[in-house]
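Asks: Each residue of the sequence shown is one higher than the last, beginning at 1373 in this note's numbering. The structure that follows is given in the form of structure tokens.
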Amino acid sequence: MEKTFLLHGLWMSGYACLYWQRAMRDAGMEPVVYSYPTVFKQMDQNADRLFRAIKRLKKNTEKIHLVGHSMGGMVIMHMLRRHGHEFGHAGIPALGRVVLCGSPINGSYAARTVHHWPVLGRALGRSILDWHGVTRAELPQNIQIGVIAGTRNLGFGRMVKTLPQPSDGTVSLVETELNGGETDRVCMNISHTEMLIAPAVNAQIIHFLQNGRFLHEYS
């Protein structure tokens, strides 16, 4: 059996991933909606918490895929940096494919800027400010990573007038690039939040998890 963990972004909960969950079930997959505290825990704590949840899976789970929206992708990457070498050993499922949707894996310009604002800055929490990026060399060698990035500038980040463009309204295109190279990436005319509800994004996620590449002819 293969299962796919779905991780939401900042200020959200597992409910944000329900459209993804439904689409994957319709495709015959086994999604697991995973909630984590986005504000009150450090990045190390959230990464380790995710790994413990994976370790608790039933023994008949042979492989794990991971899909993250926004900060959820950062948690996934940090978990793989810390624990990637443990997958496939000592009863832990093998590592499958990873899809990152609007994840600022090079660090979030919007978060660094808003952090200095009087009220909203304190609401960011610790995890996102702990993040300073990741390189491909820090991750498991054979892992397949797909990146979905948006170019529709509509969202929270528009309050940050200096947010580098193009962006999805919250995360800049350049912030989604994995240093060392992802397996495949697709840029879509979609905003940061729309990634959670757009049928076209569901199709791209499922296609990558099943085939290791995106549907570029439809992007």
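Ideal Cβ positions, reconstructed from N, Cα and C, are used throughout, including at glycine.
1. Quick one: grab the DSSP three-state call for Ile1562.
2. To which residues of the same chain is Val1364 closer than 6 Å at the C-beta, ignoring the five residues directly before and after it?
3. Return the residue from the list Tyr1408, Val1543, Pro1512 that minimises the CA-CA distance to Leu1467.
4. Considering just the uninterrupted stretch of the alpha helix (DSSP H) at Ala1419, what are its terminal residues?
5. Return the residue from the list Ala1483, Ser1407, Thr1507, Gln1414 that minimises the CA-CA distance to Val1439.
6. Spatial neighbours of Leu1535 within its chain, please: C-beta separation below 7 Å, excluding the five flanking residues on both sides.
7. Asp1540 by DSSP, collapsed to three states: which one?
8. Check whether the Cβ atoms of Glu1554 and Ile1517 sit closer than 8 Å, and answer yes or no.
9. Terminal residues of the continuous beta strand (DSSP E) containing Ala1521?
10. Going by other Cβ atoms of all chains shown within 10 Å of its Cβ, with 16 needed for buried, is Ile1577 buried or exposed?
11. Indicate the three-state DSSP secondary structure (helix, strand or coil) for Ala1466 in the structure shown.
12. Please determine, among His1504, Met1567, Gly1505, Thr1485, the residue with the shortest C-alpha to C-alpha distance to Thr1523.
13. Check whether the stretch 1457–1464 touches the stretch 1501–1510, taking contact to mean three or more Cβ pairs, one atom from each stretch, closer than 8 Å.
14. Residues in its own chain within less than 7 Å of Thr1565 by CB, not counting five upstream and five downstream?
15. Taking Phe1580 as the reference, which of His1504, Met1396, Met1373, Pro1538 has the closest Cα?
16. May I ask you to report which of helix, strand or coil DSSP gives Gly1493?
17. Does the distance from the CB of Leu1472 to the CB of Ile1436 come in under 8 Å?
18. Look at the alpha carbon of Arg1552 and the alpha carbon of Ser1475, and state the distance between them as a whole number of angstroms.
19. Give me, in chain order, the residues of the same chain whose beta-carbon lies closer than 6 Å to that of Val1573; leave out the 5 immediate sequence neighbours on both sides.
Replies: Let me lay it out:
1. coil
2. The requested residue 1364 is not part of the displayed model; the chain covers only 1373 to 1591.
3. Pro1512
4. 1415–1427
5. Ser1407
6. Excluding five sequence positions before and after Leu1535, the CB atoms of its chain that fall closer than 7 Å to its own CB belong to Tyr1481, Ala1482, Gly1529, Ser1544, given in chain order.
7. coil
8. In this structure, Ile1517 lies closer than 8 Å to Glu1554 by Cβ.
9. 1516–1522
10. buried
11. Shown here, Ala1466 sits in a strand according to DSSP, grouped into three states.
12. Met1567
13. no
14. Gly1527
15. Ranking His1504, Met1396, Met1373, Pro1538 by CA distance to the CA of Phe1580 puts Met1396 first.
16. Confidence at Gly1493 is low in this model, with a pLDDT of 44, below 50, so the placement of that residue is unreliable and no value is reported for it.
17. no
18. Note that residue 1552 is Gly in the sequence shown, not Arg. The straight-line gap from Cα to Cα measures roughly 16 Å.
19. Met1567
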